[in-house]
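Below is one structure, written out as structure tokens; the observations come after it.
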Amino acid sequence: MVFDFQEICLLDSFAITELFVLALTSYPNIKKFEIRNPNSVSDYLNSVGFFKQLAAIYNFTYKPEADPKALHNKGIAILTAHEEKSTFYAQAENIYSILLSSGLSNDTASIITASFLEVIDNAFIHNLGKWPTNYYKKVVTLIHHHEFKKEIAISVADLGIGFLGTLKERYPDLTNETESIALALKANTSSRPKNFANQYSGGNGLFYLQKNIFNGLKGELYIRSTNTLLQITSLENFQILNSELPYKYGANIFFKLKYV
-12 MVFDFQEICL
-2 LDSFAITELF
8 VLALTSYPNI
18 KKFEIRNPNS
28 VSDYLNSVGF
38 FKQLAAIYNF
48 TYKPEADPKA
58 LHNKGIAILT
68 AHEEKSTFYA
78 QAENIYSILL
88 SSGLSNDTAS
98 IITASFLEVI
108 DNAFIHNLGK
118 WPTNYYKKVV
128 TLIHHHEFKK
138 EIAISVADLG
148 IGFLGTLKER
158 YPDLTNETES
168 IALALKANTS
178 SRPKNFANQY
188 SGGNGLFYLQ
198 KNIFNGLKGE
208 LYIRSTNTLL
218 QITSLENFQI
228 LNSELPYKYG
238 ANIFFKLKYV
């Protein structure tokens, strides 16, 4: 696999996890990769552990030519890829502590950490027993604190069956990813069988994430499911950005939160 950075000058948190997922799904059997025309972007990917995580999944050693260094932004920038949600839970206290030490209020740090874990939990629950292959049983996350922007950017991507695949059995009238994402944004939408309704309410993860972003915090929300990308512009309202992306699997939920 070759990463050529000649024409790449900027990648945000969403684009980084999308690139990571695309690499995994397009090249499942690589033995090495090559970095061509390295620049500040490739250095930044090094600094968040992009190539190290990719090499670990493919089970070979990656040694950067230079020591990774954080560029452009101060604060946290952590890329992780795991097959068990318990691994992410173990990081929650550390993430919360880092957010507090960055100057965020207790309420804001709690909201961000809880939202992060909720999205991860959904990724594993909704794909339980439905991952396309064991190789694809992964969730990839990137958390970036842009200190000078006073902004937290979080991207959570999985290699699962997407929103339509998740909701189709419970809501058989759904025909595409856009309809499925729109339904998932509504309160009480759940992929669980109807006979479990009285045992578990569920279905409010994305709804409450929206409320926090648009009512409590000044933020942005983007959702990709397989080949379709939407920008959520306000509570339960959205704009279709692209419905022909080169992805067959998975979803990516990306949100930015502004703080004072």
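Each residue of the sequence shown is one higher than the last, beginning at -12 in the working numbering. A virtual CB, placed ideally from N, CA and C, is assigned to each residue, including glycine.
Can you name the residues that DSSP bridges to residue i?
i: Ile22; result: Phe(-10)
i: Ser221; result: Asn224
i: Val8; result: According to DSSP, which records beta bridges pairwise, Val8 is partnered with nothing at all.
i: Tyr209; result: Gln218 and Phe241
i: Thr128; result: Thr67 and Val143
Would you decide whether residue i is buried or exposed? Buried here means 16 or more other CB atoms lie within 10 Å of its CB.
i: Leu241; result: First, the residue type needs correcting, since residue 241 is Phe and not Leu in the sequence shown. Buried, since its Cβ has 16 or more Cβ neighbours within 10 Å.
i: Glu231; result: exposed
i: Leu48; result: Correcting the residue identity first, residue 48 is Thr in this sequence and not Leu. Counting Cβ neighbours within 10 Å, Thr48 comes out exposed, since fewer than 16 surround it.
i: Asp257; result: Because the chain spans -12 through 247 in this model, residue 257 falls outside it and cannot be assessed.
i: Ser167; result: buried
i: Ala43; result: exposed
i: Glu164; result: buried
i: Ile3; result: buried
i: Ile227; result: exposed
i: Ala238; result: buried
i: Phe114; result: Checking the sequence, you will find Asn at residue 114 rather than Phe. When all chains shown are included, Asn114 counts as buried.
i: Tyr234; result: buried
i: Ala68; result: buried
i: Lys50; result: exposed
i: Glu134; result: exposed
i: Tyr123; result: buried
i: Ser88; result: exposed
i: Tyr14; result: exposed
i: Glu(-6); result: exposed
i: Thr100; result: buried
Determine the direct distance from the alpha carbon of residue j to that of residue i, and round the result to whole angstroms.
i: Leu161; j: Leu170; result: 9 Å
i: Ala10; j: Asn46; result: 15 Å
i: Ile141; j: Val(-11); result: 26 Å
i: Lys136; j: Lys245; result: 8 Å
i: Phe38; j: Val127; result: 13 Å
i: Ser34; j: Leu66; result: 9 Å
i: Gln218; j: Phe201; result: 13 Å
i: Glu71; j: Phe111; result: 8 Å
i: Gly206; j: Thr95; result: 12 Å
i: Gln78; j: Asp108; result: 14 Å
i: Leu41; j: Leu196; result: 29 Å
i: Ser84; j: Gly90; result: 10 Å
i: Leu208; j: Thr220; result: 7 Å
i: Thr176; j: Leu129; result: 26 Å
i: Phe75; j: Phe(-8); result: 30 Å
i: Thr12; j: Glu5; result: 11 Å
i: Phe20; j: Glu80; result: 34 Å
i: Thr215; j: Asn229; result: 6 Å
Assuming residue i and residue j are in contact, meaning their beta carbons sit under 8 Å apart, how far apart are those beta carbons, in whole angstroms?
i: Lys243; j: Glu138; result: 6 Å
i: Thr213; j: Gly116; result: That belief does not hold up - the Cβ atoms of Thr213 and Gly116 are roughly 19 Å apart, past 8 Å.
i: Pro98; j: Asn224; result: The displayed chain sequence assigns Ile, not Pro, to residue 98. So it is not a contact: roughly 21 Å between Cβ atoms.
i: Ser0; j: His131; result: 5 Å
i: Ser178; j: Arg211; result: Going by Cβ atoms, the distance from Ser178 to Arg211 rounds to 18 Å, so no, they are not a contact pair.
Does any residue of chain D have a CB that is nearer than 7 Å to the CB of residue i?
i: Gln(-7); result: The structure shown contains no chain D; it holds only a single protein chain.
At least three beta-carbon pairs within less than 8 Å, the stretch 19 to 35 to the stretch 149 to 159: no
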